[in-house]
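Student: Just dropping this structure here.
Numbering (the numbering used here), first residue to last: 40 to 224.
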């Protein structure tokens, strides 16, 4: 899902460097190759309903930041940490917003059971989504990056701007929180 080959990551990084030097073709290709990853991360962090707006906002910031991109990390990692920053800023801005009801979760996130699946799978998925959303934000983010989107702990640490050990402990705590909150069947 999130795993891209090293060659693909290198190519995307090369595109970012060219785009930063004003190459419009490279910019278009960079956006085309990274858009789904950005949207998926933001849909999981913030919900489908705002993922489009946050993705747009991310690329607006990317355009002004690209000339300063120095390839200290892969362009994809750099981009996802920018997307995460957009989400964090949005959360700060929207602190007063009421929480969503379970009904709204039916179309809330990026990975849902297929349309033809049984209703039991749906309600379990909605329950799981609600449990994940109720987690402490830092733990939720670590869990989403590693378990849902499939990034390595190292990649997740770079995206979140923390040490690998911090990601490991957040994931462990998030899993424990989920186990503690899941009602026995």
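Here a beta-carbon is modelled for each residue, glycine too, at the ideal position from N, C-alpha and C. Nothing here was measured: the structure is a model prediction, and the numbers come from that model.
Is it true that the stretch 52 to 72 meets the stretch 81 to 96, where meeting means three or more beta-carbon pairs spaced less than 8 Å apart?
Tutor: Because the criterion of three Cβ pairs below 8 Å is not met, the stretch 52 to 72 and the stretch 81 to 96 do not touch.
Student: On the three-pair Cβ rule with 8 Å, is the stretch 96 to 112 touching the stretch 170 to 187?
Tutor: Contact between the stretch 96 to 112 and the stretch 170 to 187 is absent, because fewer than three Cβ pairs lie under 8 Å.
Student: Quick one: what does DSSP say residue 172 is sitting in, helix, strand or coil?
Tutor: Helix, per DSSP.
Student: I'd like to know whether the C-beta atoms of residue 114 and residue 210 end up nearer to each other than 8 Å.
Tutor: Cβ distance not < 8 Å, so residue 114 and residue 210 don't count as in contact.
Student: According to DSSP, is residue 184 helix, strand or coil?
Tutor: Correct three-state label for residue 184: helix.
Student: Let me see if you follow: with CB-CB separation under 8 Å, is residue 203 close to chain C or not?
Tutor: Here chain C cannot be found, since the structure has a single protein chain.
Student: Cβ atoms of residue 57 and residue 49: under 8 Å apart, would you say?
Tutor: No.
Student: Please confirm whether residue 119 and residue 187 have their CB atoms less than 8 Å apart.
Tutor: No, the pair does not count as a contact, with Cβ atoms beyond the cut-off.
Student: Taking residue 130 as the reference, give the member of 117, 177, 110, 99 with the closest Cα.
Tutor: Closest by alpha carbon: 177.
Student: Just the C-alpha distance for residue 111 and residue 193, rounded to the nearest angstrom, thanks.
Tutor: About 15 Å.
Student: Please go through the same chain and pick out, in chain order, the residues whose beta-carbon is closer than 7 Å to the beta-carbon of residue 207, but skip the five residues on each side of it.
Tutor: Answer for residue 207: 192, listed in chain order.
Student: Could you check if residue 200 is buried or exposed, using at least 16 other CB atoms within 10 Å of its CB as the buried criterion?
Tutor: When all chains shown are included, residue 200 counts as exposed.
Student: For the alpha helix (DSSP H) containing residue 80, list its first residue and its last residue.
Tutor: Residue 80 -> alpha helix (DSSP H) spans 63 to 85.
Student: State the DSSP-derived secondary structure class of residue 154, mapped to helix, strand or coil.
Tutor: Note that residue 154 scores 45 on pLDDT, short of 50, meaning its location in the model is unreliable; the coordinates nonetheless yield the value given after this. Of the three classes helix, strand and coil, the one that applies to residue 154 here is coil, per DSSP.
Student: Who are the near neighbours of residue 125 in its chain, counting only those whose CB is closer than 6 Å to its CB and skipping five residues on each side?
Tutor: So the list reads 93, 96, 97, once near-sequence residues are dropped.
Student: For residue 215 and residue 67, what's the separation of their Cα atoms in angstroms?
Tutor: Approximately 42 Å, taken between the alpha carbons.
Student: If contacts are defined as beta-carbon pairs under 8 Å, then residue 171 and residue 123 qualify, I think. What distance do you get, rounded to the angstrom?
Tutor: Rounded, the Cβ-Cβ distance is 16 Å, inconsistent with contact.
Student: Pick helix, strand or coil for residue 94, following the three-state DSSP scheme.
Tutor: Three-state DSSP puts residue 94 in a helix.
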